[in-house]
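Colleague: Letter 150 of the sequence shown, counting from 1, is numbered 150 in our numbering, and no numbers are missing.
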Amino acid sequence: MIEIEQLVADCREANTEVQAHKAVQEVVARAVADPKGLMQGLGEMQRAGVQKLFQSDELTVLNVVWGAQMTLMPHNHEMWAVIGVYSGREDNIFWRRLPDRSDGRIRAAGARELCVGDVAPLGKDIIHSVTNPIPRLTGAIHVYGGDFFETPRSEWDPESLLEGRYDVEKNMRLFEEANNRLNAH
Ligand SMILES: [Fe+2]
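#1: What residue range is occupied by the uninterrupted alpha helix (DSSP H) comprising P35?
#2: Spatial neighbours of G110 within its chain, please: C-beta separation below 6 Å, excluding the five flanking residues on both sides.
#3: Near M79, what residues of its chain come up, given a Cβ to Cβ distance below 7 Å and the 5 sequence neighbours on each side ignored?
#4: Taking the CB atoms as reference points, tell me whether Q55 and F149 lie closer together than 8 Å.
#5: Buried or exposed: where does A81 fall if 16 or more other Cβ atoms within 10 Å of its Cβ makes it buried?
#6: What is the DSSP secondary structure of I4, reduced to helix, strand or coil?
#7: If we ignore side chains and look at the alpha-carbon of each, how far apart do A20 and Q6 end up?
#8: Can we count H21 as close to ligand 1, meaning its CB is less than 7 Å from some heavy atom?
Structure, rendered in structure tokens:
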């Protein structure tokens, strides 16, 4: 069983290294290499949601449980991130700004599939959207090189693909809506 306190301590320690992003990536990779042990430490996934495991100005560690077939609109973080999947699947679409547009319009630039045990490092300027493509919950550890909740950043309207201000509360509500959709079935 992976102790979550120890996982957080290891992430904080790694974050003090010169190559903090890479060091944290190695910690997350070790954790998701033992998905059963990690799930024992985290407790059974029961509903979609974002569980805060650690938050400071320098580092945020989250247990993100995606609802069945839930999609989060394109957004950036303004800090590096590491995603490690321990249950289910996560599909990431990566986007880039169109250089000749002043409204922040983006275009799809690439994609990355994440299966159990996979880890993806995201650079500071990355814009991504995330989909859980399967009809059950997906679980992932997300680590950010800063304060995920307090740093201003952008999201893009999923229909117009135009840039707007990221709304943390709205995004957290999307997880609740995913739970409600499931219960309505
Ligand atoms: Fe993200």
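Idealized CB from N, CA, C, for every residue including glycine. Small disclaimer: the values here were computed from a predicted structure and weren't measured.
Modeller: The short version:
#1: By one-based count along the sequence shown, residue 35 stands at place 35. It spans 35-42 - the alpha helix (DSSP H) in which P35 sits, taken as one unbroken run.
#2: Your numbering for residue 110 matches position 110 in the sequence shown. F94.
#3: Walking along the sequence shown from the start, residue 79 turns up at place 79. Correct list, in chain order: K124, Y144, G145, G146, T151.
#4: As a working mapping, residue 55 is identified with position 55 in the sequence shown. As a working mapping, residue 149 is identified with position 149 in the sequence shown. Yes. Within cutoff.
#5: Counted from its first residue, the sequence shown places residue 81 at position 81. Buried: at least 16 other Cβ atoms inside 10 Å.
#6: The residue labelled residue 4 in the question sits at position 4 within the sequence shown. The answer is helix: DSSP assigns I4 an H, G or I state.
#7: What you label residue 20 is simply residue 20 of the sequence shown in a count that begins at 1. What you label residue 6 is simply residue 6 of the sequence shown in a count that begins at 1. Between A20 and Q6, the C-alpha separation is close to 17 Å.
#8: One-based indexing of the sequence shown puts residue 21 at position 21. Not so, every heavy atom of ligand 1 lies at least 7 Å from the Cβ.
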